[in-house]
Ligand SMILES: NC(=O)c1ccc[n+]([C@@H]2O[C@H](COP(=O)([O-])OP(=O)(O)OC[C@H]3O[C@@H](n4cnc5c(N)ncnc54)[C@H](O)[C@@H]3O)[C@@H](O)[C@H]2O)c1
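In the UniProt record's numbering, the protein residues as written are 1 to 319.
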């Protein structure tokens with residue numbers, strides 16, 4: 001089926017799905033958005049509410065639909081699935097959301113969908129791996145939002161610390177989107193200037209302390225927000241909008257998305273967030289990132305944790 005490059009679909013219309021739809025409506029990227037949820041009323045209600053904003057943004061169609069309605073969408077965004085609840089382990093979440101993916105993904109792959117799948121539901125690295133395996137789609141067109149949000153938080157905090165626009169800060173969080181994520185300090189720079197030199201230019205000399213505070217703050221962000229308002233959704237909605245923009249405009253921008261590992265850093269057969277060139281066909285290629293010994297060790301540890309979570313017994317991570 002011919003894809004409509006101005007059409008997106010969102011599966012799951014909870015906090016994240018509806019915030020994403022609202023954000024996409026304002027972006028002008030799409031002229032048609034299909035919303036789908038097991039709770040049909042929720043999808044319909046969100047479609048109605050968001051549509052009422054279009055007179056201030058531009059003419060477009062936003063409606064509740066089914067899987068047949070989304071087959072010509074350039075991008076299908078999956079945000080369906082449970083949030084981590086109090087007292088629940090991450091493993092519980094894996095089981096619950098993997099089951100949901102076992103229902104959703106065949107609905108898409110059995111219809112021979114040819115566009116891009118953008119996975120947002122958590123644990124995003126594991127569910128991206130699950131989506132690749134179940135769909136049988138080429139790996140380049142199954143993308144996880146990965147650490148795009150974590151890297152945005154990282155850049156925001158660095159920009160604040162250095163009193164500079166965070167868009168001038170080049171900084172990546174890599175590995176798992178979760179507790180074992182790694183702040184790749186070795187490659188952080190502000191407009192090409194290594195971060196420590198820039199810090200000193202701005203009067204900061206206590207590098208170790210500041211680095212720890214910032215990396216901890218990034219890692220704890222989701223927990224802090226969830227404690228206060230039960231869910232996070234605006235930051236991820238903007239992250240999803242940015243990924244869609246890069247795809248639709250074939251920007252070939254470098255984003256830390258969840259991609260299948262094929263031996264880089266000695267890691268294979270697991271999905272991790274690494275900087276990659278993204279364009280109209282999804283992921284073009286991973287981009288090498290400079291890591292020191294400690295960061296390299298943590299990245300392998302992150303891969304091991306994800307493999308344990310996904311239940312892969314064989315250890316492909318070289319010691
Ligand atoms: N990747 C990220 O950076 C990031 C950030 C925030 C949240 N998330 C994740 O996004 C997911 C959604 O979070 P939320 O706060 O919107 O949760 P939510 O509970 O508000 O919404 C989930 C929605 O999914 C729907 N759903 C469940 N099973 C479905 C199915 N089979 N088909 C269609 N819809 C189905 C539910 O009815 C519900 O409306 C969670 O897994 C959360 O952890 C990811």
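For each residue, glycine too, the CB sits at the ideal point set by N, CA and C.
Check: residue i C-beta below 7 angstroms from any heavy atom of ligand 3
i, result
"residue 13", "Inclusion of ligand 3 in the displayed structure is not the case, the ligand content consisting of ligand 1 alone."
Contacting residues, own chain, Cβ-Cβ under 7 angstroms from residue i (five flanking each side not counted)
i, result
"residue 292", "186"
"residue 313", "For residue 313, the predicted model reports a pLDDT of 45, less than 50, meaning its position is unreliable and no value from the coordinates is stated."
"residue 152", "235, 239"
"residue 44", "64"
"residue 93", "82, 84, 122, 123"
"residue 157", "214, 217, 218"
Beta bridge counterpart(s) of residue i as assigned by DSSP
i, result
"residue 32", "7, 61"
"residue 260", "271"
"residue 285", "277"
"residue 311", "Answer is none; residue 311 lacks a bridge partner."
"residue 170", "189"
"residue 182", "174"
"residue 253", "278"
"residue 194", "189"
Unbroken alpha helix (DSSP H) run spanning residue i, endpoints
i, result
"residue 159", "148 to 162"
"residue 16", "15 to 27"
"residue 248", "234 to 248"
"residue 127", "124 to 135"
"residue 1", "First-last for residue 1: undefined, no H or E at that position."
"residue 138", "Careful: residue 138 lies outside any alpha helix (DSSP H) and carries neither H nor E."
"residue 339", "The shown model of the chain, from 1 to 319, leaves out residue 339, and the question about it has no answer."
Start-to-end residues for the beta strand (DSSP E) that takes in residue i
i, result
"residue 274", "268 to 279"
"residue 144", "142 to 144"
"residue 213", "That residue, residue 213, is in no beta strand (DSSP E); its alpha helix (DSSP H) goes 207 to 229."
"residue 117", "116 to 119"
"residue 73", "73 to 78"
Nearest to residue i (by Cα), restricted to the options the options
i, options, result
"residue 227", "4, 79, 84", "84"
"residue 320", "170, 81, 307", "The structure shown does not extend to residue 320, since the chain is modelled only from 1 to 319, so the question has no answer here."
"residue 265", "279, 300, 137, 244", "300"
"residue 181", "208, 219, 199", "219"
"residue 41", "262, 245, 12, 146", "12"
"residue 81", "244, 52, 105, 309", "105"
"residue 268", "161, 130, 304, 193", "304"
"residue 17", "46, 57, 5", "46"
"residue 148", "109, 159, 137, 175", "175"
"residue 33", "7, 285, 190, 57", "7"
"residue 56", "38, 71, 74, 26", "26"
"residue 307", "271, 295, 284", "271"
"residue 285", "294, 273, 295", "273"
"residue 229", "15, 2, 1, 3", "15"
"residue 114", "177, 154, 302, 1", "1"
"residue 79", "183, 120, 197", "120"
"residue 135", "247, 101, 296", "101"
"residue 297", "167, 129, 61, 184", "184"
Spatial neighbours of residue i in its chain, beta-carbon cut-off 8 angstroms, leaving aside the 5 residues before and after
i, result
"residue 222", "232"
"residue 67", "36, 107, 108, 111"
"residue 243", "118, 143, 145, 148, 255, 257, 278"
"residue 3", "72, 73, 74, 114, 115"
Neighbourhood of residue i by C-beta, 6 angstroms cutoff - its chain only, sequence neighbours within 5 removed
i, result
"residue 237", "19, 20, 23"
"residue 139", "132, 260"
"residue 327", "Residue numbering for the chain in the displayed model covers 1 to 319; residue 327 lies beyond these limits and cannot be assessed."
"residue 188", "171, 195"
"residue 96", "82"
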